[in-house]
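Protein chains in written order, with our numbering: chain A, 1 to 531; chain R, 1001 to 1298.
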Amino acid sequence: MNLNAYTGTRALLRLILRRDWLILSVCVILPALFAVVTVATFNQLLPSATSLEAFVSETANIPAEVALLGHIYIPTIAGLTAWRWSVYSAVLVGLGSALFVVRHTRTQEEAGRFELLDATVVGRQAALSASLLVTLGANLVIAALVAGGLIVYGLPVAGSVALGLSVAAVGATFAAVAGVAAQLTERAGTAKGIAVAVLGIGYLLRAAGDIGEHSVLSWLSPLGWMQQIKPFADERWGVFVLFIGAIALLTAMAFALSSQRDVGSGLVRPRPGPASASLRLRSPAALVWRLNRRSLLAWAVGFAVFGVVTGDLAKAGADQLTTSPQLLGLLARLGGSSGVSDGFFTLALTIVVEIAAVYALVTTLQMQSEEKEARVDPVLATPVGRLRWAGSYLLLTIVGTTVVLAAFSVPAGLTYGLSVGNVGYELPRVFAASMAYLPAILVMAGIAMALYGLIPKLTFLSWGALLGIIVIELLGELLQIGQSIQDVSPFTHVPKILVSEFSATPLIALMGVTVLLMVIGLLGFQRRSIG
Amino acid sequence: MSVIEIHSLTKRYGKHLALDGVDLEVERGEVFGFIGPNGAGKTTTLRILLGLLRKDSGTVTLLGGDPWRDVVSLHRRLAYVPGDVNLWPYLSGGEVIDLLARLRGGFDQSRRDELVARFKLDPTRQCRTYSKGNQQKVALIAALVSNVELLILDEPTLGLDPLMEAIFRECVVEAKGAGTTVLLSSHILSEVEALCDRISIINEGRIVETGSLAELRHLTRTTVSVETRRPITGLTRLPGVYNPTVEGAHARFSVDADAVNRVLRYLTQFDVRALTSAPPTLEDLFLRHYKLQEGVMR
């Protein structure tokens, strides 16, 4: 091994910490905070052993819960905490770790910042090793904080440590996945996409394994391994060997790939483009489309895969439930087996639309990066007015969000409809239920546009708003957040068509809010200085 | 008739006063040089002219219109090359040229091909694979390909090699021949000297000098280097002589334009063997202005 290649790792490590210490600190504290809140809530919610038993036996048999969160391995407060907290946390920690590694490797490289660094005494592996080390360190701190928080709260020591470490292990694994992905492509966006796709597949495999008969599927996913450690339920420490092996293998792969390639390049060489533009490339809208068509396709494919799996799981869940006689009461309450799958779709949708909202924010806020990188200047120096340019981006946001929602709901409705032999009934229902979320998602885009047009420095608040809404959506009932706070979220007002009555009023109101926010943003944008 | 008229233009960024009462007038058909060091306010002025920035006070007229209000109609009549060219990384150079020219209202294909050939640009490469100079070429071709009344060029030769710089100069001369007005900001002095009819010098947000090169040269000193048989004495006492360095029979100094004759007469008494005098370059003129501002000049 050429040790010179790693020279400068320490300097880069300091650089990363200096750039990102604030966001790192926040991200490292959050999981522990949520863990403690989860324990506290369960303690309050289920004060007696009988209420605990009842809750466990009820939720353990709801397929949607099993698919989303996995099995409850031991009916104690600690076991419930591990069940409720670990999957979501692991997904978020894995996502954060992956994005962080790409941010400090390929993103920097794509921006050409390594040219400057590599000319100094910084080895070619230094950036990769520094970003992996920081991420690993951050994950260990997460593990320590989580374990510490839970132990202080009185949970068993061994289980608390196992739980913290299991989530940290998922984070480290996806950091290594991102390390590999960053070597494969020249575009940071694609590298992120690969890492997120691997995470998504991992989640789906675990969901399919947990809910179906093929529990072996769960063993193909790092998220499955995490659950198999079974914190608080006689921990299986041996499972950590799988994590260590995977992390070592992926890291070695990343370093090997990185040593073989030129700075700035990926494994795929850049192809020459067309010598002249296609005849359609003659308007700002065409430019926006040209810049975004590939990423929209990638998003749509991801949503379609998720749709197929969701449709399939809905069927599996309904089957399992109908073969389980002790649940007939519950079944009746939910309105038969179709009621169960409707509930499942409704639950799955709450997650899907949050991801669709991420897409809407990303595309809307692309305006800001175009402005920051001064790519908007040559366009606005032509007879293209600001409204036309910004309008093109908003159009993309609207069309793109519609496309990704359709890309989810059509395959989901088809898969489920075909499996129960009633496509003509199921497909339109699932489609309509998804599309009902469009105005609510666009409210988020409207918030982003209003901030961008009026006070571009504060656009990060639109991400904060989305994060807050996700917390309300996912934890609202668990944390017993009051209705008035839940009402802040536009998603709360969307009629859940599959399980309740349709009502057009909230949709029209949400559209009105969207239009208002976007108009405010456009007016602000037209009045302010560019750059 | 003036193509650009700016009067007492000010612009603030927070506490920093970027433009402090700028006056500028560009006549139709001329090549106007706008020079100053980095951060002097050149780009800010140009971006106000393009309606990208809002002015704080003053009046700005561009092609008879208001650059903030009449953006779209005015932009049909001009082309702009930004100082810091950033292109879409995954579009090819050819696509960018065509797109920008079409947004401006179309272009002549043969003219476009001719420019691509003259600047030796490979239009099939993705923009991220271009060097700084090649990105600059893309922006230049996209601007020059359009048939416009006014070209606004912000440091257009940054990153170009000398060969390409020569071609750029040809293009500006051609544009002028076709009646196009050119506003050229630069700190590359030879470029401005070679191309411009008139120039304005800006420093710290203020125009410090405006005029034709000949007019501005008149204000500056000639640099003289002289060799004599006998050592020169008493040079420091002569009015109009600056920074003299005397080493035995060799002397260097600069001299005010109106003192040249008197100083030459004085020198002949030491028996002149060789004498070179350099006309003031724009650089001297430039440095002199900055030194005056900083109070370094004696």
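All residues carry an ideal CB built from backbone N, CA and C; glycine is no exception.
- Per DSSP, the unbroken alpha helix (DSSP H) holding VAL513 of chain A starts and ends at 504 to 527.
- For GLY1133 of chain R, the enclosing alpha helix (DSSP H) stretches over residues 1132 to 1144.
- Sequence-distant partners of ASP1084 of chain R (beyond 5 residues in either direction) whose C-beta falls short of 7 Å from its own C-beta are missing from its chain.
- Bounds of the alpha helix (DSSP H) holding ASP210 of chain A are 188 to 211.
- PHE55 of chain A and THR81 of chain A do not touch by the CB rule: their CB atoms are close to 13 Å apart, not below 8 Å.
- For the 8 Å CB-CB criterion, TYR437 of chain A and VAL379 of chain A do not form a contact.
- For ARG282 of chain A, a Cβ of chain R is located within less than 8 Å of the residue's own Cβ.
- Scanning R:ARG1230, R:THR1236, R:ARG1252 for the CA closest to the CA of ASP1271 of chain R turns up R:ARG1230.
- Among the residues facing chain A, PRO1082 of chain R is included, as its CB has a counterpart in that chain under 8 Å away.
- With a threshold of 16 other beta carbon atoms within 10 Å, PRO490 of chain A meets it and is buried.
- CA-CA distance, LEU1074 of chain R to VAL1192 of chain R, rounds to 26 Å.
- The residue from A:GLY273, A:ILE351, A:ARG429 with its alpha-carbon nearest to that of THR1124 of chain R is A:GLY273.
- Interface criterion met: the Cβ of GLU1095 of chain R is under 8 Å from a Cβ in chain A.
- Contact between the region 104 to 116 of chain A and the region 181 to 199 of chain A is established, with three or more Cβ pairs separated by less than 8 Å.
- For ARG280 of chain A, the closest of R:THR1044, R:LEU1103, R:ASN1086 by C-alpha to C-alpha distance is R:LEU1103.
- Distance from the CA atom of TYR416 of chain A to the CA atom of TYR73 of chain A, rounded to whole angstroms, is 29 Å.
- In the displayed model, GLN1269 of chain R falls within coil according to three-state DSSP, outside both helix and strand.
- Spanning the alpha carbons of ARG10 of chain A and LEU132 of chain A requires a straight line of approximately 12 Å.
- If you check the CB distance, ALA197 of chain A and GLY302 of chain A come in under 8 Å.
- DSSP places PHE174 of chain A in no beta strand (DSSP E) but in the uninterrupted alpha helix (DSSP H) bounded by 157 to 184.
- In the assembly as shown, ILE485 of chain A is an exposed residue. Its beta-carbon has fewer than 16 other beta-carbons within 10 Å.
- Unbroken beta strand (DSSP E) runs of no fewer than 3 residues, entirely contained in the region 275 to 323 of chain A, are not found.
- Here DSSP, grouped into helix, strand and coil, assigns GLY8 of chain A to coil.
- Minimum Cα-Cα distance from ARG236 of chain A among the listed residues A:LEU165, A:MET435, A:VAL36 corresponds to A:LEU165.
- Under the DSSP assignment, GLU1025 of chain R falls in the beta strand (DSSP E) whose first and last residues are 1016 to 1027.
- DSSP assignment within the region 1244 to 1268 of chain R yields the following whole beta strand (DSSP E) runs of 3 residues or more, N-terminal first: 1250 to 1255.
- Chain R places a beta carbon closer than 8 Å to that of THR382 of chain A, counting this residue as a contact.
- Residue environment for PRO1239 of chain R: exposed (fewer than 16 other C-beta atoms within 10 angstroms of its C-beta).
- For GLN1126 of chain R, the closest Cβ of chain A is nearer than 8 Å.
- Contacts with chain A at 8 Å (Cβ-Cβ) do not include ASP1108 of chain R.
- Interface residue (Cβ-Cβ distance to chain R less than 8 Å): SER295 of chain A is not classified as such.
- Taking the Cα positions, ARG1112 of chain R is about 17 Å away from LEU1078 of chain R.
- Apart from the 5 residues on each side of it in sequence, GLY209 of chain A sits with its Cβ closer than 8 Å to the Cβ of SER215, VAL216, LEU217, SER218, TRP219, LEU220, SER221, GLY224 in its chain, given in chain order.
- Counting C-beta pairs with one atom in each stretch, the region 1152 to 1162 of chain R and the region 1184 to 1203 of chain R have three or more that are closer than 8 Å, which means they touch.
- DSSP, read as helix, strand or coil, puts HIS1187 of chain R in coil.
- Of all residues in the region 367 to 379 of chain A, only GLU373, ALA374, ARG375, ASP377, PRO378, VAL379 place a beta-carbon less than 8 Å from a beta-carbon of chain R.
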